[in-house]
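Trainee: One structure, pasted below without further comment.
2 protein chains.
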Amino acid sequence: MSRPLRADAQRNRAQVLQVAARTFAEEGLSVPVHEIARRAGVGTGTVSRHFPTKESLFAAVLLDRMEQLVRTAGELADDGEPGEAFFAFFALMVEEGSANKGIVDALAGAGFDFQAVADDDSHDVMGAWEKLLRCAQDAGAVRADADISDVKALLTGCLDRERQAPDPDARARMLAIVGEGLRT
Amino acid sequence: MSRPLRADAQRNRAQVLQVAARTFAEEGLSVPVHEIARRAGVGTGTVSRHFPTKESLFAAVLLDRMEQLVRTAGELADDGEPGEAFFAFFALMVEEGSANKGIVDALAGAGFDFQAVADDDSHDVMGAWEKLLRCAQDAGAVRADADISDVKALLTGCLDRERQAPDPDARARMLAIVGEGLRT
DNA sequence: GAATATACGGGACGGCCGTCCCGGTTGTCC
DNA sequence: GGACAACCGGGACGGCCGTCCCGTATATTC
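Chains as they are written, first to last, in my numbering: chain A, 5 to 188; chain B, 5 to 188.
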């Protein structure tokens, strides 16, 4: 282990992370790193010291969000009916994607290895999600042959619909369609 | 109008188009134009003279394929039950996407304006597809509130599933799920 | 408050890629 | 078969972007 970061370095790191989170969410992964540095009011060197590559910066941002989502998934799994929990989390992910272009890009596989980030030991989103699915299937609420990749693909579809034309009606309709398809 | 192309120019154009079609289908839109020129055995200048931009090259490739797909859609619409025709065409598109990474990229909106190309007057894929949808809805085979954007999004989802791990079982499952969701 | 390590800024670098241009070549037409 | 226009090849150019480096500034420690 190394000694703790200097105070200003900590501030800068946090600042970069926050700006990056907002920027990636609003504009997707195509934003240049220079731009994030500029908006954070630091030099590009500062960014690249804390996060050697763009991918590592995005991974750090994503991991933050992931933690919350996994926690939510856990809570949903704990209380209430398994089927409801599964579909509620699915809807939550759609909402998240709608507000977070970065996640959509990652899910769409636009250059980043989402799988690798999602599979990180301490932030096992896919695992948590899969558990929700399995519970719902055991409870007979979701067709037994569906796997987590199917679910992820359906999520991608819902997010694509959002991207074409964000519209509350359309979102509800897509959730209904997917729901009908997935239920036993 | 200009005079007809010189014989060698026609040959080169056709050659580039053919190589581009195969290459885009196999590797997606990220292939450099230089690489297509190299494989076609021509200089980059030759490519860029016939197709001023990469987008125009891809559009030309896509339009070829589109024509066939639209024709197929028309045939499906003409004979047989409307619901069957709609779902058959959907399955056909999934198959097409599975064999054609370029189309997947275009559908996923990876930098190219698929809509613009698809809406070309003489190759109105979306229109043809929408007609299939409307017929199926009129016949009561597909839920009435779904629109063509929903269908396109669901297709994107199916194609995403293919990309994660191509698998005949998974494809059939996805089609079943989407079918269940879309039927009345 | 001085000494030292640590971090900052932002310019430089290199790779990638699409586009353009020019000297040479090859069809075409009389 | 000769002259001219059309076309070819591929190198040059410019923009973009991620990464690295170094002279400078600042926090930390004693």
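The beta carbon of each residue, even a glycine, is placed where N, CA and C say it ideally should be.
In this text the structure is predicted, and so the values were computed from the model without any measurement.
Using a Cβ-Cβ cut-off of less than 8 Å, list which residues of the region 58-71 of chain B approach chain A; keep chain order.
Mentor: Residues: none.
Trainee: I need the DSSP call for residue 35 of chain B, collapsed to helix, strand or coil.
Mentor: Coil.
Trainee: For chain A, check one thing: does any of its Cβ atoms lie closer than 7 Å to the Cβ of residue 141 of chain B?
Mentor: No, residue 141 of chain B lies away from the interface with chain A (no Cβ there is under 7 Å from its Cβ).
Trainee: Counting along the chain, where does the alpha helix (DSSP H) carrying residue 3 of chain B start and finish?
Mentor: In the structure as shown, chain B starts at 5 and stops at 188, and residue 3 of chain B therefore has no counterpart that could be examined.
Trainee: If we cut at 7 Å on Cβ distances, does residue 168 of chain B have a partner in chain A?
Mentor: For residue 168 of chain B, the answer is yes, since a Cβ of chain A falls inside 7 Å of its Cβ.
Trainee: Who are the neighbours of residue 108 of chain B on chain A, taking C-beta pairs under 8 Å?
Mentor: Residues of chain A passing the Cβ test: none, with the nearest at roughly 10 Å.
Trainee: Could you tell me whether any non-hydrogen atom of the ligand NAP is closer than 6 Å to the CB of residue 40 of chain A?
Mentor: Only the bare structure without any ligand can be found here, which leaves the ligand NAP out of the picture.
Trainee: Would you tell me roughly how many angstroms separate the C-alpha atoms of residue 99 of chain A and residue 68 of chain B, rounded to the nearest one?
Mentor: Distance between the alpha carbons of residue 99 of chain A and residue 68 of chain B is about 37 Å.
Trainee: Could you list the residues in the region 23-47 of chain A with a C-beta less than 8 Å from some C-beta on chain B, going in chain order?
Mentor: Those residues of the region 23-47 of chain A that come within reach of chain B (Cβ to Cβ, closer than 8 Å) do not exist; the list is empty.
Trainee: Taking the beta carbon of residue 25 of chain A as the centre, do at least 16 other beta carbons fall within 10 Å, making it buried, or is it exposed?
Mentor: So residue 25 of chain A ends up on the buried side.
Trainee: Determine the DSSP secondary structure at residue 15 of chain B, reduced to helix, strand or coil.
Mentor: The answer is helix: DSSP assigns residue 15 of chain B an H, G or I state.
Trainee: Does residue 175 of chain B have its Cβ less than 7 Å from a Cβ in chain A?
Mentor: Judged by the 7 Å Cβ criterion, residue 175 of chain B is not in contact with chain A.
Trainee: For residue 181 of chain B and chain A, any beta-carbon pair shorter than 7 Å?
Mentor: Chain A contact via Cβ: present.
Trainee: Is there at least one Cβ from chain B nearer than 7 Å to residue 158 of chain A's Cβ?
Mentor: Taking Cβ atoms only, chain B reaches closer than 7 Å to residue 158 of chain A, which makes this a yes.
Trainee: Run through chain B and tell me which residues come within less than 7 Å of residue 87 of chain A, C-beta to C-beta.
Mentor: Chain B residues near residue 87 of chain A: none, gap ~16 Å exceeds 7 Å.
Trainee: If the cut is a Cβ gap below 7 Å, which residues of chain A does residue 178 of chain B touch?
Mentor: Correct list: 154, 157.
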